[in-house]
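>
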Amino acid sequence: MLNWVNRFSIFCFLDNHNYQISPHSVECLLAAGAKRSIKCNAGNALEQLQKFINEKPGWLFGHLGYDLKNEIEQLSSAKPESIDFPDLYFFEPEIIIRLNENEMMIEAEDPDFVFDSISNCEVSDVFSPGIVKIKNRLNKEQYCELITQLKQHILRGDCYEINFCQEFYAEDAIINPIDVYKKLSELSPNPFSALYKLNDQWLLCASPERYLKKQGNKILSQPIKGTSKRNLALKEEDEKQKQGLYNSAKDRSENVMVVDLVRNDLAKVCEEGTVKVDELFGIYSFPQVHQMISTVSGEVKKDIPFSEIIRSTFPMGSMTGAPKKRVMELIEQYEKTKRGLFSGAVGYISPEGDFDFNVVIRSILYNADKKYLSFPAGSGITFYSDPQQEWEECEMKAEAMKKVLM
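Here the numbering used here is used: the sequence shown runs in plain steps of one and ends on residue 933.
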């Protein structure tokens with residue numbers, strides 16, 4: 528099916544890898560072709576999107592880039608960025624395909640034609656990728672020095688926690704995004720994965736994290752803070768890693784700070800007294816890592832628009848820190864490149880106004896025209912952070928991407 532959809536210049540595949548553990552369950556959807564679309568950079572992008580939604584309720588797929596922060600708060604971004612996704616893009620698809628283990632449901636003008644096209648699609652010719660030479664934007668010494676400086680900000684009371692990211696990148700990179708995504712899916716089949724193509728820009732995403740889901744009047748956020756590597760060869764050691772994560776004072780400290788931030792964000796758009804923490808410090812195991820995930824929910828105020836919900840909660844707390852505005856200023860000061868779509872969100876809005884969006888992490892971003900490839904990785908910095916351990920955590924998070932590109 529992925530070989531078939533590649534003929535479209537725009538498509539979005541939200542891939543759940545059959546992961547249906549409540550409340551983390553998510554639909555598996557493929558949207559292809561654009562009947563109409565909206566593309567904006569930060570300024571009044573959310574207002575324009577709301578007008579676009581109101582014009583004609585229907586299925587919309589697309590993304591929210593990290594730099595929408597610049598219209599939500601009085602912020603700016605001057606760092607370089609080479610992938611070139613717009614800050615916001617949504618499209619109404621020509622074709623929607625819902626997938627589960629046993630069936631495929633096609634919404635299109637001619638579903639039979641679409642089904643036949645998929646069934647008869649031939650595998651493309653063997654593609655010979657070039658050698659991808661991955662570089663670090665920061666060396667270890669530079670990275671550790673920056674973490675030390677960030678800890679000084681925490682010591683002075685500028686912030687309590689900050690998500691700091693570094694970029695892994697490759698120039699003159701020639702890859703087949705479909706093939707690389709398939710490899711990434713085999714290695715890290717995570718529930719909020721996505722393969723997203725917007726002309727020459729590609730996102731190959733193996734995210735385990737949900738940003739925000741709305742169903743009816745219920746809204747749900749599931750921030751991740753806390754990661755430990757799995758040891759699949761030794762079950763006893765793997766269980767020790769899992770318990771170690773659950774008992775980690777640093778990870779609990781990070782997680783609870785973000786949970787408080789998410790609660791405050793949701794309280795802006797929810798009925799008074801309805802915001803609650805459904806699960807605190809839940810430990811979930813994925814193929815590469817164990818993650819500490821908390822779940823926060825509430826009941827949305829009646830008739831509140833999508834744009835207001837995003838304005839009140841974006842960027843997500845797990846990819847910024849606390850207090851959010853000051854942390855975003857520090858991110859701009861210390862990170863070497865713009866985040867772009869990384870640490871933004873990809874997902875859908877339904878005709879009824881329900882929606883579900885991931886957090887864009889564990890992802891390869893690729894500009895096929897420029898032959899530029901990027902996969903940032905980050906970690907939460909607190910007063911207790913050890914620079915060496917934070918470096919190792921970033922390397923661990925980047926490991927799957929490196930493997931599929933080698």
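Glycine included, C-beta positions come from ideal geometry on N, C-alpha and C.
(1) Provide the residue(s) that pair with residue 631 in DSSP beta bridges, ordered along the chain.
(2) Report the partner residues of residue 883 according to the DSSP bridge assignment.
(3) With a cut-off of 8 Å, do at least 3 Cβ pairs link the region 887 to 905 to the region 633 to 642?
(4) Quick one: is residue 739 buried, meaning 16 or more other Cβ sit within 10 Å of its Cβ, or exposed?
(5) Can you list, in chain order, the residues of its chain whose CB lies under 7 Å from that of residue 878, leaving out five sequence neighbours each side?
(6) Please list, in chain order, all residues of the same chain as residue 838 whose beta carbon is under 7 Å from its beta carbon, the five residues on each side excluded.
(7) Starting from the C-beta of residue 809, find all residues in its chain whose C-beta is less than 6 Å away, skip the five residues before and the five after it, and write them out in chain order.
(8) Where does residue 535 sit, in a helix, a strand or coil, going by DSSP?
(9) For residue 650, is the classification buried or exposed, using 16 other Cβ atoms within 10 angstroms of its Cβ as the cut-off for buried?
(10) Closest to residue 632 by CA distance: which of 692, 555, 565, 775 is it?
(11) Going by DSSP, name the residue or residues bridged to residue 819.
(12) Among residues of its own chain, excluding the 5 on either side of residue 752, which ones have a beta-carbon nearer than 7 Å to its beta-carbon?
(13) Apply the 10 Å Cβ neighbour rule to residue 866 and answer buried if 16 or more other Cβ atoms are within range, or exposed otherwise.
(14) Should residue 760 be labelled buried (16 or more other beta-carbon atoms within 10 Å of its own) or exposed?
(15) If you draw a straight line from the alpha carbon of residue 797 to that of residue 746, how long is it in whole angstroms?
(16) Would you say residue 560 and residue 537 are within 8 Å of each other, going by their C-beta atoms?
(17) My assumption, with CB atoms under 8 Å, is that residue 823 sits in contact with residue 873. Please give the rounded CB distance.
(18) Check this for me: beta carbons of residue 540 and residue 553, under 8 Å apart or not?
(19) Compute the Euclidean distance between the alpha carbons of residue 646 and residue 578, then round it to the nearest angstrom.
(20) Do you know offhand how far residue 657's Cα is from residue 807's?
(21) Alpha carbons only, please: which of 787, 624, 717 is nearest the one belonging to residue 802?
(22) Does DSSP put residue 638 in a helix, a strand or coil?
(23) What do you reckon, are the CB atoms on residue 930 and residue 699 nearer than 8 Å?
The relevant details are as follows:
(1) Its beta-bridge partners are 626.
(2) DSSP lists 740, 875 as the beta-bridge partner residues of residue 883.
(3) Touching, no.
(4) Counting Cβ neighbours within 10 Å, residue 739 comes out buried, since at least 16 surround it.
(5) Excluding residues within five positions, the ones whose Cβ falls inside 7 Å are 584, 585, 586.
(6) Result list for residue 838: 573, 599, in chain order.
(7) Taking residue 809 as the centre and dropping the five residues before and after it, the same chain places the C-beta of 820 closer than 6 Å to its C-beta, in chain order.
(8) Coil.
(9) Per the 10 Å Cβ criterion, exposed.
(10) The residue with the shortest Cα to Cα distance from residue 632 is 555.
(11) DSSP output for residue 819 lists 810 as bridge partner(s).
(12) The residues 778, 781, 782, 785, 819, 845, 907, in chain order, have a CB closer than 7 Å to that of residue 752 in the same chain once the five nearest residues on each side in sequence are set aside.
(13) It counts as buried.
(14) Taking all protein chains in view, the Cβ of residue 760 is surrounded by fewer than 16 other Cβ atoms within 10 Å, so the residue is classified as exposed.
(15) Across the structure, residue 797 and residue 746 are spaced so that their CA atoms are roughly 8 Å apart.
(16) With respect to the 8 Å criterion, residue 560 and residue 537 are classified as neighbours on the basis of their beta carbons.
(17) Actually they are not in contact, since the Cβ atoms of residue 823 and residue 873 sit about 21 Å apart, beyond 8 Å.
(18) Going by C-beta atoms, residue 540 is not nearer than 8 Å to residue 553.
(19) Annotation: residue 646 to residue 578 spans about 38 Å, alpha carbon to alpha carbon.
(20) In a straight line, the C-alpha of residue 657 is about 45 Å away from that of residue 807.
(21) Just measuring C-alpha positions, the residue of 787, 624, 717 sitting nearest residue 802 is 787.
(22) The DSSP-derived three-state label of residue 638 is helix.
(23) No, the Cβ-Cβ distance between residue 930 and residue 699 is not below 8 Å.
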